[in-house]
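Take a look at the structure below.
Residue numbers (this note's numbering): 2 to 160.
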């Protein structure tokens, strides 16, 4: 039988993971394949959508860190949790403002300087997804059996 020491972490991590996969990968990819969505229109959508995603990610990141800190998680787990938070910090401080500036240039017909930035964004999101998946899976622990026997071998007291 498995148990979870940090249930808030499990909920927050897998919600965070789903948001990143759903918005950063699936929605962004399919948006540019939709009929009538040009690069300027897509860039305009990104300028509105990605900051909202970042705010939601910060709420989930703070929930993860608070539960791990208050629950006295081991240092390796805290270090692992710090990776997506640091990536989120880089995205918030540097990458998102740079993507917004590039999107404005595209929107005003001044070329597309943001290809490298979009590749950096995709790379950071991929690392974040992998780290979040590992962090979430590590929250499940195998419960120790009583007296060396598993629950399957325990007699049913109601029989």
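For glycine and all other residues, C-beta sits at the position ideal for the given N, C-alpha and C.
Beyond the five residues adjoining it in sequence on each side, residue 129 comes within less than 7 Å, by CB distance, of 21, 85, 88 in the same chain, given in chain order.
Taking C-beta atoms as the reference points, residue 5 and residue 64 fail to come closer than 8 Å. By the criterion of a C-beta distance shorter than 7 Å, residue 79 is surrounded in its chain by 69, once the five residues flanking it on both sides are discounted. Note that the C-beta distance between residue 72 and residue 7 is below 8 Å. Distance from the CA of residue 28 to the CA of residue 81, rounded to the nearest whole angstrom, comes to 27 Å. Taking a C-beta distance under 8 Å as the contact criterion, residue 104 and residue 25 do not qualify as a contact pair. For residue 108, the secondary structure class from DSSP, reduced to helix, strand or coil, is helix. Using a Cβ distance threshold of 8 Å, residue 118 and residue 96 count as a contacting pair.
When rounded, the separation of the alpha-carbon atoms in residue 116 and residue 94 is 19 Å. Excluding sequence positions up to five before and after residue 48, its CB lies within less than 6 Å of the CB of 101, 104, all in the same chain and listed in chain order. Per DSSP, the unbroken beta strand (DSSP E) holding residue 3 starts and ends at 3-5.
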